[in-house]
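>
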Amino acid sequence: MTLEKDINQTNEYYLESNQAVIHKKPTPVQIVTVDYPKRSAAVIREAYFKQPSTTDYNGIYKGKYIDFEAKETKGSSLPLSNIHEHQIEHMRAVQEHGGICFLLVRFSSKEETFLLPANDLFSAWDRQFHGGRKSLSYDHVNRFGHPVPFRFHARVDYLSVVNKLYF
Numbered sequence: 001m002t003l004e005k006d007i008n009q010t011n012e013y014y015l016e017s018n019q020a021v022i023h024k025k026p027t028p029v030q031i032v033t034v035d036y037p038k039r040s041a042a043v044i045r046e047a048y049f050k051q052p053s054t055t056d057y058n059g060i061y062k063g064k065y066i067d068f069e070a071k072e073t074k075g076s077s078l079p080l081s082n083i084h085e086h087q088i089e090h091m092r093a094v095q096e097h098g099g100i101c102f103l104l105v106r107f108s109s110k111e112e113t114f115l116l117p118a119n120d121l122f123s124a125w126d127r128q129f130h131g132g133r134k135s136l137s138y139d140h141v142n143r144f145g146h147p148v149p150f151r152f153h154a155r156v157d158y159l160s161v162v163n164k165l166y167f
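Residue numbering for the sequence shown follows the UniProt record's numbering, starting at 1 and increasing by one per position.
1) For the beta strand (DSSP E) that residue 106 lies in, which residues bound it at each end?
2) Do residue 62 and residue 167 have their C-beta atoms within less than 8 Å of each other?
3) Does the pairing of the segment 101-111 with the segment 126-135 give three or more beta-carbon distances under 8 Å?
4) Starting from residue 7 and walking both ways along the alpha helix (DSSP H), at which residues does that stretch end?
5) Quick one: what does DSSP say residue 157 is sitting in, helix, strand or coil?
6) So who's on the other strand from residue 35, going by DSSP bridges?
7) For residue 124, is the beta carbon positioned less than 7 Å from some heavy atom of the ligand HEM?
8) Could you check how far apart the C-beta atoms of residue 140 and residue 124 are, in whole angstroms? I think they sit under 8 Å.
9) Spatial neighbours of residue 91 within its chain, please: CB distance less than 6 Å, with the 5 preceding and 5 following residues excluded, ordered by chain position.
10) Thinking C-alpha only, which one of 72, 36, 20 is nearest residue 58?
11) Compute the distance between the beta-carbons of residue 54 and residue 87, then report whether it is under 8 Å.
12) So who's on the other strand from residue 147, going by DSSP bridges?
13) Between which two residues does the beta strand (DSSP E) containing residue 66 stretch?
14) Quick one: residues in its chain with C-beta nearer than 8 Å to the C-beta of residue 168, no 5 flanking neighbours on either side, listed in chain order?
15) Return helix, strand or coil for residue 24, following the three-state DSSP convention.
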C-alpha cells in the first residue's frame, strides 16, 4: 500500500473510533472543458489547479488543530524540492497560531515511516539556502524524527507519536 492509502485508512479508523477528525484536503481545480457523450457520463477534457495546495491533511485531535504533509521515497533521502515554499509558509503560520504541524516521511525501501516535527523540517529547509543539504537523509530523519508504528487498524499510527510529543 502507498503511504497516502495507509494514512487514509488510518484516518477512517480514527474517525470511526472517535479519536480524531482528520481528512485529506482536496486540491482545488478549475474545470475548463467538459464533454458530455452521454447524460450520465461527463468527461473532463481540460482542467487547471486554481491555486497551489497547502498541505495534504488537516483536522482536530484533542481540541488541537493538526496539519501535516506526507511524503514517500524509494531512496535513502527525500529531496526538499518535493516540498514547496508555500507549504513551508503555511506550516509556519499554522504552528505560529498554536496548531500541530509535522511531516510524515516513509522510506519505502526500508518499510519505515517517521514523524518529523515542523521545527526540524524548518531547520533543514532553511539550511539548504546556506550551503546545507538539499534533501532529508534517512539518517537525519531517523535522528530527529520519531518512528511511527504500523498497526492493524491504524496502519500509520501517527497519533501515538503526536500524543508523546504534544500532549
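Think of the CB as a built atom: it goes at the ideal place given N, C-alpha and C, for glycine as much as any other residue.
Judging by the given coordinates:
1) Secondary structure note for residue 106: its beta strand (DSSP E) is the uninterrupted segment 100-107.
2) Inclusion of residue 62 and residue 167 in the CB contact set at 8 Å is warranted, their separation being smaller than that value.
3) The segment 101-111, when compared against the segment 126-135, does not touch it at the 8 Å Cβ threshold.
4) Element bounds for residue 7: 3-16.
5) Three-state result, residue 157: coil.
6) Under DSSP, the beta-bridge partners assigned to residue 35 are 43.
7) Questions concerning the ligand HEM fall outside what the structure shown contains, since it holds no ligand whatsoever.
8) Right, their Cβ atoms sit about 7 Å apart.
9) By the criterion of a C-beta distance shorter than 6 Å, residue 91 is surrounded in its chain by 101, 118, once the five residues flanking it on both sides are discounted.
10) Answer by Cα proximity: 20.
11) It is a contact, given that the beta carbons lie within the stated cut-off.
12) 114.
13) Counting along the chain, the beta strand (DSSP E) containing residue 66 begins and ends at 64-73.
14) No answer is possible for residue 168: the residues shown for the chain start at 1 and end at 167.
15) Looking at residue 24 - three-state DSSP - the assignment turns out to be strand.
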